[in-house]
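A.B. asks: In the working numbering, the protein residues as written are 3 to 234. Virtual Cβ for every residue (Gly too), placed ideally from N, Cα, C.
1) Using DSSP with H/G/I as helix, E/B as strand and the rest coil, what is residue 99?
2) Do residue 183 and residue 90 have their CB atoms nearer than 8 Å?
3) Please classify residue 214 as buried or exposed, where buried requires at least 16 neighbouring CB atoms within 10 angstroms.
4) Give me the DSSP bridge partner(s) of residue 86.
5) Taking the CB atoms as reference points, tell me whether residue 172 and residue 217 lie closer together than 8 Å.
6) Measuring CB to CB, does residue 48 end up less than 8 Å from residue 34?
7) Quick one, are the C-beta atoms of residue 181 and residue 68 less than 8 Å apart?
8) Helix, strand or coil for residue 217? Go by DSSP, reduced to three states.
9) Looking at the strands, I want to know which residues DSSP matches up with residue 6.
10) In angstroms with no decimal places, state the Cα-to-Cα distance between residue 123 and residue 44.
11) Evaluate the contact criterion for the region 127-139 versus the region 187-194: three or more CB pairs, one atom per stretch, below 8 Å.
12) Under 8 Å, with one C-beta from each stretch per pair, do the region 3-22 and the region 87-101 reach the 3-pair mark?
13) Under DSSP, the beta strand (DSSP E) around residue 158 begins and ends at which residues?
14) According to DSSP, residue 48 sits in a beta bridge with which residue or residues?
15) With distances taken between CB atoms, is the gap from residue 127 to residue 86 smaller than 8 Å?
16) Alpha carbon to alpha carbon, how far is residue 73 from residue 115? Give it in angstroms, no decimals.
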């Protein structure tokens, strides 16, 4: 076992410390954040800090790094009040990782890494056409985290696009069926293997395994036909 005090961590080489501390929270979702400025110029950047905040209303949050350098994603969100969250798959993770490079302000990361912007109706931020799971969010709040200069961005889901074969009848989304990758640390990409789904935890009761076809607890079943579209 290795034991580190706070002082020990502070005295580690900065790159070593960044890799270590970023690995401590384990696997995180890999998402591409799509934005555009007021001139409709698109931007896309990989983020591993997207978290669920609630289902009613449907809220997501993400941490944005300190504004010590140009932050196009956050600047665009402030301008347009919207952005997209697009899950990263095993087919595009190298391109997604490359979006973290410091491209010039007049260069779209979409073009630079070979991804395709997909515009939805009148929504002012592009999705990533190659992603099987995309969401459009509208800004709710930006909360400064004064201790380290980061900012926590909260958005409400305005629209949701999911590839149909991954959505189970009970509402569970089979993210492995979509080929999504997880992130560890700053640069580790992983594909996962589900062990099981377990029933709702009750006192003095052992959790049961939920069948692969779903929990079967939604009656009547949700009719998904009104939400079905073909193509992008």
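C.D. replies: Taking the structure as given:
1) To locate residue 99, count along the chain shown from 1; it is residue 97. DSSP places residue 99 in helix when its eight states are reduced to three.
2) Residue mapping note: residue 183 aligns to position 181 of the chain shown, counting from 1. Residue mapping note: residue 90 aligns to position 88 of the chain shown, counting from 1. Taking 8 Å as the Cβ cut-off, residue 183 and residue 90 qualify as a contacting pair.
3) Taking the chain shown and counting its residues from 1, one reaches residue 214 at position 212. Answer is exposed; the Cβ neighbour count stays below 16.
4) By 1-based counting over the chain shown, the position of residue 86 is 84. According to DSSP, residue 86 bridges with 36 and 138.
5) On the chain shown, position 170 is the one that residue 172 refers to. On the chain shown, position 215 is the one that residue 217 refers to. Yes, they are a contact pair.
6) Translated into the one-based positions of the chain shown, residue 48 becomes position 46. Translated into the one-based positions of the chain shown, residue 34 becomes position 32. Cβ distance < 8 Å, so residue 48 and residue 34 count as in contact.
7) For this step, residue 181 is matched to residue 179 along the chain shown. For this step, residue 68 is matched to residue 66 along the chain shown. No, the Cβ-Cβ distance between residue 181 and residue 68 is not below 8 Å.
8) Here the question's residue 217 lines up with position 215 in the chain shown. Note: residue 217 maps to coil in three-state DSSP.
9) Stepping through the chain shown from its first residue, residue 6 is reached at position 4. Residue 6 is not bridged to any residue.
10) Position 121 of the chain shown holds residue 123. Position 42 of the chain shown holds residue 44. Using only the alpha carbons, I get a separation of about 15 Å.
11) no
12) Verdict: no, contact absent.
13) For this step, residue 158 is matched to residue 156 along the chain shown. Following the DSSP letters along the chain, one finds residue 158 inside the beta strand (DSSP E) bounded by residues 152-164.
14) Along the chain shown, read from residue 1 onward, the residue named residue 48 stands at position 46. In the DSSP output, where bridge partners are listed per residue, residue 48 has 34.
15) Counting from one through the chain shown, the residue named residue 127 turns up at place 125. Counting from one through the chain shown, the residue named residue 86 turns up at place 84. Closer than 8 Å, so yes.
16) The residue you call residue 115 lines up with position 113 of the chain shown. The residue you call residue 73 lines up with position 71 of the chain shown. In a straight line, the C-alpha of residue 115 is about 18 Å away from that of residue 73.
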